[in-house]
Every structure is written in C-alpha cells, then in structure tokens.
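**Student:** Could you have a look at this structure, given as structure tokens, before my questions?
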DNA sequence: GCAATAAAAGAAGTATACTGTGTAATTTTG
DNA sequence: CAAAATTACACAGTATACTTCTTTTATTGC
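Protein chains in written order, with the numbering used here: chain A, 1 to 168; chain B, 169 to 336.
The structure is reproduced here in structure tokens:
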C-alpha cells in the first residue's frame with residue numbers, strides 16, 4: 001500500500017505489536033513479498049513455463065546425481081506430495097526422468113536429462129533477473145542485512161515449518 | 169538448512185549474485201519464510217479453521233463497513249478470483265454475508281456478521297501468537313530493521329505484483 | 001523365518017493464488 | 001440515445017502446498 005493508513009499511521013516504530021493493521025503483521029508482509037516474487041518470476045520466466053519451485057528442483061538435480069523424490073523434495077524445502085506433483089510435471093516435459101531404484105523398489109530415482117540441463121542453462125539469466133529485480137530497491141548494505149535477517153528467521157524457525165529442510 | 173553447503177560456503181557476504189545456491193536466492197528464502205509462517209499460523213489457528221488470508225479478510229471487514237468483493241480483495245492484496253474463493257468459504261461458515269448492492273447490481277456487498285466479529289475476537293490472541301513466534305528469533309533492533317526492509321521491498325515492488333494493493 | 005514396523009510413493013481432498021474466458025450491468029462516448 | 005468501454009462477478013483450468021489414507025516394499029525384532 002502506498003496508500004491510506006500506512007502513510008498516515010506508520011510511525012517508523014511499531015511498539016505495541018497488536019497487529020491490528022495488516023501491514024504491521026510480519027506474516028502478512030512476507031505473504032505479499034512472496035506474491036511479488038512469484039509475479040516477477042513469472043514475468044521473467046513465464047514465457048519458458050518455469051516456476052520458482054520447478055527452478056529449485058532442477059537446480060538441485062543439476063548439482064548432484066539422481067536422488068529419490070523425498071530427498072529431492074526435502075532439499076528444496078517442500079512437502080513430499082507437493083514435490084511429487086512438480087516432479088511429475090517436469091517429467092512430462094522431458095526435463096527429468098523418474099526410474100524405479102534397483103536397490104529399493106519403493107523408491108523412484110529422479111535424474112535431470114540433457115534437455116533439462118540445456119533448458120536450465122538457457123533460463124538461468126532470466127531467473128537471475130527476477131532475483132535481482134526483487135532486491136533492487138535495497139542498496140548493498142541493506143541487502144546484506146536483509147539476507148542476514150531472513151536467513152536467521154528461516155534457520156531458527158525451520159523446525160516449525162511443515163516441510164522442514166535438511167532433515168534427511 | 170542448518171546443513172551441507174550453507175554452513176561451509178556461506179561467506180557472510182554474497183558478492184557475486186549468481187544465485188547458484190538456493191539459499192542465496194532472495195525469492196527462495198522468502199518462499200521458505202512464507203511456508204514457515206503458514207505452518208506457524210496453522211499450528212496456532214488451525215484448530216479454529218482459520219488461514220492467514222481469511223484472517224486478513226475478516227480484519228479488513230471488521231474495521232470498515234461493507235464493501236464489494238474487488239475492493240475487499242484488493243485491500244488484502246490478492247487477486248479478485250482468489251478473494252472470491254476465500255469469501256465464499258467464509259460466507260458458508262456464516263462469518264460474513266454477501267448481498268447484491270442496490271446501487272450497482274453487478275456488485276455484491278460483503279459484510280462481517282456478528283458471528284464473524286465474535287470469532288475474530290476469539291482467535292485474535294492466537295493470530296498474534298503466530299506473528300510473535302515468527303519474529304521471535306530477532307531482537308528488538310533487528311525487528312525494526314526487518315520491518316523497514318520488507319516494507320521497502322513490498323512498497324517498491326508493489327506494482328510488479330500480480331495483485332497490486334491499493335489500486336482501488 | 002515371520003510378523004510388526006517403518007519408509008517411499010500414490011491417490012484423494014482442501015486451500016491459496018493465479019490466468020483466461022464469458023456474462024451481465026453500468027458508464028462513457030460518439 | 002445507441003454503441004463501446006469498463007466493471008464486477010462467475011466458472012474453468014493450472015500450480016503450489018498441504019492433509020489423510022492406502023499400497024508396496026524393506027527392515028527389524030523375536
């Protein structure tokens with residue numbers, strides 16, 4: 001909102017924390033910023049039919065060798081079923097393969113394909129542009145501080161998340 | 169991740185901005201923090217069957233008089249169709265009413281009910297607890313700075329969002 | 001060895017949050 | 001005043017992100 005209550009009422013300091021106004025609620029601001037990121041990402045990468053989570057999945061696969069769906073979902077920080085949805089869509093597009101493991105026939109090993117690697121290389125600059133635009137309003141010092149604070153929040157609250165990262 | 173690459177590689181300063189690692193992508197961190205907030209909110213308010221967006225809708229209605237669905241959705245910062253979904257669900261639960269306007273028969277005027285007000289009063293402490301827990305890892309000074317930075321990002325990027333706020 | 005347990009995945013269901021299309025009502029314009 | 005543009009909503013479809021329940025496969029305990 002560059003409007004109404006915010007401009008008049010925002011005191012620079014919020015001391016009470018009664019969260020009566022939406023824009024004083026951290027969760028609300030984070031949801032808005034998340035929406036904004038999704039919007040920016042779609043603007044840059046939508047033409048390539050790539051979403052932030054799809055990009056994260058492919059990025060993780062690019063680095064390591066194949067892994068099962070649960071490990072992959074967890075390393076991206078999403079629930080196993082949400083991950084399965086994304087992985088299935090990427091498989092349909094030929095960007096990765098899902099092959100039953102020989103060792104453990106319950107597990108399906110996910111691997112990025114050559115097409116997947118090519119695709120990722122092609123869209124990387126657009127992905128980076130979306131990230132750049134998101135933090136463009138901050139100067140260098142503010143960016144460092146923002147990264148520090150958000151990392152602190154994510155790390156400390158990680159256990160509270162419904163899909164905690166790094167627990168595999 | 170209090171794991172793998174982050175601990176070893178995180179240099180305190182990220183200068184290159186190549187976004188090769190997930191945790192160096194602002195969009196990724198914001199998505200994680202958003203998930204965490206949703207998780208915390210569900211933990212506190214899930215028993216009352218209340219989501220963050222539902223809470224935002226009811227909060228806006230509580231303050232003013234009735235308004236049409238688009239104005240309501242916009243003031244919460246979501247798309248009109250997403251808003252319509254949420255509003256329909258809240259109507260089904262009797263927490264608000266949707267009545268066709270006399271002045272403009274295209275519009276449906278949304279008003280909070282007495283049950284809605286009672287409900288909101290009852291869950292307010294739990295909502296506040298979710299917000300408190302989210303920013304608990306930060307000290308007072310860090311909180312002020314976090315609010316300042318995230319407000320700056322939201323304000324500056326608002327236009328880029330798919331559902332810009334305050335444009336009504 | 002076999003039953004109990006645990007783990008990986010699938011399927012169904014819900015909520016959020018969009019896009020796009022279509023419809024009805026209102027307002028603006030020629 | 002009639003055509004055109006705009007507005008408010010509804011509906012269908014997609015993607016993310018969960019929950020819960022079930023099936024299949026591995027591991028473990030006895």
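Virtual Cβ for every residue (Gly too), placed ideally from N, Cα, C.
In this text the structure is predicted, and so the values were computed from the model without any measurement.
So residue 266 of chain B is in the beta strand (DSSP E); what residue range does that whole segment cover?
**Tutor:** Position 98 of the second chain, counted from the first residue, corresponds to residue 266 of chain B. Its beta strand (DSSP E) spans residues 264-268.
**Student:** Would you mind stating whether residue 40 of chain A and residue 128 of chain A have Cβ atoms separated by less than 8 Å?
**Tutor:** Start at 1 with the first residue of the first chain, and residue 40 of chain A comes out as number 40. Start at 1 with the first residue of the first chain, and residue 128 of chain A comes out as number 128. Going by C-beta atoms, residue 40 of chain A is not nearer than 8 Å to residue 128 of chain A.
**Student:** Does the segment 198-206 of chain B come close enough to the segment 233-251 of chain B that 3 or more CB-CB pairs lie under 8 Å?
**Tutor:** No, they do not touch.
**Student:** Please specify which runs of the beta strand (DSSP E), each continuous and at least 3 residues long, are wholly inside the segment 227-306 of chain B, giving them in chain order.
**Tutor:** Listed in chain order, the complete beta strand (DSSP E) runs (minimum 3 residues) inside the segment 227-306 of chain B are 264-268 and 276-280.
**Student:** Can you check whether the C-beta of residue 52 of chain A is within less than 8 Å of a C-beta belonging to chain B?
**Tutor:** Here residue 52 of chain A refers to the residue found at position 52 of the first chain. Taking Cβ atoms only, chain B reaches closer than 8 Å to residue 52 of chain A, which makes this a yes.
**Student:** Can you find at least 3 beta carbon pairs, one from the segment 111-120 of chain A and one from the segment 57-69 of chain A, that sit closer than 8 Å?
**Tutor:** Counting Cβ pairs under 8 Å, three or more are found: they touch.
**Student:** Looking only at C-alpha atoms, which of A:68, A:27 and A:95 sits nearest to residue 102 of chain A?
**Tutor:** Locating residue 102 of chain A in the first chain gives position 102, where the first residue counts as 1. Minimum Cα distance to residue 102 of chain A is reached at A:68.
**Student:** Between the alpha carbons of residue 150 of chain A and residue 258 of chain B, how many angstroms are there, rounded?
**Tutor:** The residue you call residue 150 of chain A lines up with position 150 of the first chain. The residue you call residue 258 of chain B lines up with position 90 of the second chain. Approximately 32 Å, taken between the alpha carbons.
**Student:** Based on Cα-Cα distance, which residue from A:47, A:27 and A:85 lies nearest to residue 322 of chain B?
**Tutor:** Taking the second chain and counting its residues from 1, one reaches residue 322 of chain B at position 154. Ranking A:47, A:27 and A:85 by Cα distance to residue 322 of chain B puts A:27 first.
**Student:** If you drop the 5 nearest sequence neighbours on each side, which residues of the same chain put their C-beta closer than 6 Å to that of residue 220 of chain B?
**Tutor:** In the second chain, the residue the question calls residue 220 of chain B occupies position 52. Cβ neighbours of residue 220 of chain B beyond the five flanking positions: 209.
**Student:** By the criterion of Cβ-Cβ separation under 7 Å, what are the contact partners of residue 33 of chain A in chain B?
**Tutor:** By one-based count along the first chain, residue 33 of chain A stands at place 33. The answer, in chain order, is 198, 318, 321 and 322.
**Student:** Using a Cβ-Cβ cutoff of less than 7 Å, which residues in the same chain neighbour residue 86 of chain A once the five nearest sequence positions on both sides are dropped?
**Tutor:** The count along the first chain starts at 1 and reaches residue 86 of chain A at position 86. These residues qualify, in order along the chain: 53, 54 and 57.
**Student:** Return helix, strand or coil for residue 49 of chain A, following the three-state DSSP convention.
**Tutor:** In the first chain, counting from the first residue as 1, residue 49 of chain A sits at position 49. If DSSP states are grouped into helix, strand and coil, residue 49 of chain A belongs with coil.
**Student:** Taking the continuous alpha helix (DSSP H) assigned at residue 142 of chain A, which residues delimit it?
**Tutor:** Translated into positions along the first chain, residue 142 of chain A becomes position 142. From DSSP, the alpha helix (DSSP H) with residue 142 of chain A extends over 140-157.
**Student:** Run down chain B in chain order and give the residues with a C-beta less than 8 Å from the C-beta of residue 145 of chain A.
**Tutor:** In the first chain, counting from the first residue as 1, residue 145 of chain A sits at position 145. Going along chain B in sequence order, the residues near residue 145 of chain A (Cβ under 8 Å) are 313 and 317.
**Student:** Pull up the distance between the alpha-carbon of residue 77 of chain A and that of residue 213 of chain B, whole angstroms please.
**Tutor:** By one-based count along the first chain, residue 77 of chain A stands at place 77. By one-based count along the second chain, residue 213 of chain B stands at place 45. Cα to Cα, residue 77 of chain A sits roughly 23 Å from residue 213 of chain B.
**Student:** Alpha carbon to alpha carbon, how far is residue 250 of chain B from residue 218 of chain B?
**Tutor:** For the purposes of this step, residue 250 of chain B is taken as residue 82 along the second chain, with counting starting at 1. For the purposes of this step, residue 218 of chain B is taken as residue 50 along the second chain, with counting starting at 1. Taking the straight line joining both Cα atoms gives about 16 Å.
**Student:** Three-state secondary structure (DSSP) at residue 193 of chain B?
**Tutor:** Reading the second chain from its first residue, position 25 is the one you call residue 193 of chain B. In the structure shown, residue 193 of chain B sits in coil (DSSP, three-state: anything other than H, G, I, E or B).
**Student:** What residues from chain B crowd round residue 25 of chain A, counting only those whose CB sits closer than 7 Å?
**Tutor:** In the first chain, counting from the first residue as 1, residue 25 of chain A sits at position 25. What residue 25 of chain A touches in chain B: 299.
**Student:** Could you check how far apart the C-beta atoms of residue 96 of chain A and residue 111 of chain A are, in whole angstroms? I think they sit under 8 Å.
**Tutor:** Translated into positions along the first chain, residue 96 of chain A becomes position 96. Translated into positions along the first chain, residue 111 of chain A becomes position 111. Going by Cβ atoms, the distance from residue 96 of chain A to residue 111 of chain A rounds to 6 Å, so yes, they are a contact pair.
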